[in-house]
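Undergrad:
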Amino acid sequence: MEETKDKKKRMLSGIQPSGELHLGNYLGAIKNWADRVNEYECYYFMADLHTITVRQDPAELRKRSVQQLAQYIACGLDPEKNVLFLQSHVPAHAQLSWVLSCYTMFGELSRMTQFKDKSAQHKDNINAGLFTYPVLMAADILLYQPDYVPVGEDQKQHVEITRDIAQRFNSIYGDVFTIPEPLIAKAGARIYGLSTPGDKMSKSVPEGCVFLMDSPDEIARKFKRAVTDSDTENCVHFDKVNKPGVANLMNIYSTITGKSYEEIEAEFAGQGYGKFKPAVAEVVVEHLRPIREEAERLMKDKAYLDQVYRDGAERAAYVANKTLRKVYKKVGFYQL
Ligand code: ATP
Ligand code: LTN
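Last residue of the sequence shown: 336 in our numbering, with the numbers rising by one and none dropped.
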């Protein structure tokens, strides 16, 4: 990987193994990662350190951390071509996070939307980790000096604060960090919940959330119940303001099939939601089928998944430690 460094731009992203991966994660993030593998040098990790900002069941977290790796691979992230690793396997993340926390202002962390949302959701556990979450995320990113960070729209603010922290650090110590750019896919950037088209699809609302491991029947059932509109028009037409449910289904259909909204409107002209909803379910089922089957197969090969994690941690730590050493030197930590 190192020898291609001059030629290829670097990309890094992560997802918390705090729940089952869903269609929003896939279309908003993972699918775009997999599509770019030949163009970039890619680092993708499971952000397990971040998950404990909210209470986790230890056994579940352990299980999901492996399941998520199997699902990443099944979604097309080849471990030979991408560095896939678990955040807690590379201690440099926590180490850099401490340093960066001393270059991050209380005020700027207080303004983060995710902190405000999550502290409202978990009133009994507004812990310091929830508050400093973006600092750890900045460390995750800056350790690898990536050019791009592909994320869904909701994470843009976190990449922006990362840029601010990096610029602040660089302005004091010189060019230590590459300033990363968020990369937000136009299609699929925000998939809304099937039962709540006003909110993003999220595992916290399971009835409107299509999980990658859902059976075809389950997926069909969720789409059948998808909220469309209260209008009587019953016509497949893209109107985000007045028909958010239909617009969301059209976005899903378009992202998977590559068809434009005009083509979809023409395809379903005069057919109504009764025909459209099962058609969307069908393309989703067929798209997810090989992913689910491959993930199930990989889950039976624990030795292989462990080896991928071992190799990934080694390759990631090599790059991360190089940055960490530079930072330690710059701030004045005595080196042996
Ligand atoms: P939660 O359900 O707790 O809000 P989540 O399911 O949104 O979590 P994250 O770990 O926050 O999962 O997100 C992982 C990645 O998937 C991020 O890049 C995020 O932007 C993207 N993502 C999550 N949900 C959606 C969605 N509904 N549409 C598009 N992208 C999404
Ligand atoms: N906060 C992100 C997960 C995440 C991440 C990162 C994404 C942690 N560290 C570094 C990109 C780069 C989330 O909740 N989706």
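Note that beta-carbon positions come from the ideal geometry of N, C-alpha and C, so glycine has one too.
Under 7 angstroms, do residue 223 and residue 277 count as touching if we go by C-beta distance?
TA: yes
Undergrad: Assuming residue 74 contacts residue 295 (C-beta within less than 8 angstroms), just tell me the rounded distance between them.
TA: 4 angstroms
Undergrad: Of the residues 14, 47 and 156, which one's Cα is nearest the Cα of residue 182?
TA: Comparing Cα-Cα distances from residue 182 to each of 14, 47 and 156, the minimum goes to 156.
Undergrad: From what residue to what residue does the beta strand (DSSP E) around residue 402 run?
TA: No information on residue 402 is available, as it lies outside the stretch 1 to 336 that the chain covers here.
Undergrad: My assumption, with CB atoms under 8 angstroms, is that residue 43 sits in contact with residue 90. Please give the rounded CB distance.
TA: Approximately 10 angstroms separates the beta-carbon atoms of residue 43 and residue 90; this is outside 8 angstroms, ruling out the contact.
Undergrad: Where do the ends of the beta strand (DSSP E) carrying residue 250 lie?
TA: Counting along the chain, residue 250 falls outside any beta strand (DSSP E), though it belongs to the alpha helix (DSSP H) covering 244 to 257.
Undergrad: So which residues put a beta carbon under 7 angstroms from any heavy atom of the ligand ATP, going in chain order?
TA: 13, 15, 16, 18, 19, 22, 24, 25, 27, 28, 29, 151, 152, 153, 154, 155, 188, 189, 190, 191, 192, 200, 201, 202, 203 and 204
Undergrad: Going by C-alpha distance, which of 248, 146, 273 and 311 is nearest residue 24?
TA: The residue with the shortest Cα to Cα distance from residue 24 is 248.
Undergrad: Does residue 25 come out as helix, strand or coil in the three-state DSSP assignment?
TA: helix
Undergrad: List the whole-angstrom C-beta distance separating residue 166 from residue 179, where the pair is believed to meet the contact cut-off of C-beta under 8 angstroms.
TA: 5 angstroms
Undergrad: Under the three-state reduction of DSSP, which class applies to residue 194: helix, strand or coil?
TA: Coil at residue 194, not helix or strand.
Undergrad: Taking a contact to mean a Cβ-Cβ separation below 7 angstroms, would you say residue 48 touches residue 77 in this structure?
TA: Cβ atoms of residue 48 and residue 77: not closer than 7 angstroms.
Undergrad: With residue 137 as the anchor, note down where its beta strand (DSSP E) starts and where it stops.
TA: Run containing residue 137: none in the beta strand (DSSP E); it sits in the alpha helix (DSSP H), 128 to 142.
Undergrad: In angstroms, rounded to a whole number, what distance separates the CA positions of residue 21 and residue 303?
TA: Answer to the nearest angstrom: the Cα atoms are 22 angstroms apart.
Undergrad: Do the CB positions of residue 253 and residue 280 come within less than 7 angstroms of each other?
TA: yes
Undergrad: Alpha helix (DSSP H) containing residue 212: first to last residue?
TA: Note, residue 212: premise wrong, no alpha helix (DSSP H); not H, not E.
Undergrad: Do you know offhand how far residue 130's Cα is from residue 52's?
TA: 9 angstroms
Undergrad: Hey, would you say the C-beta of residue 140 is under 6 angstroms away from at least one heavy atom of the ligand LTN?
TA: yes
Undergrad: Please return the same chain residues whose Cβ sits closer than 7 angstroms to the Cβ of residue 217, not counting the five positions on each side in sequence.
TA: none
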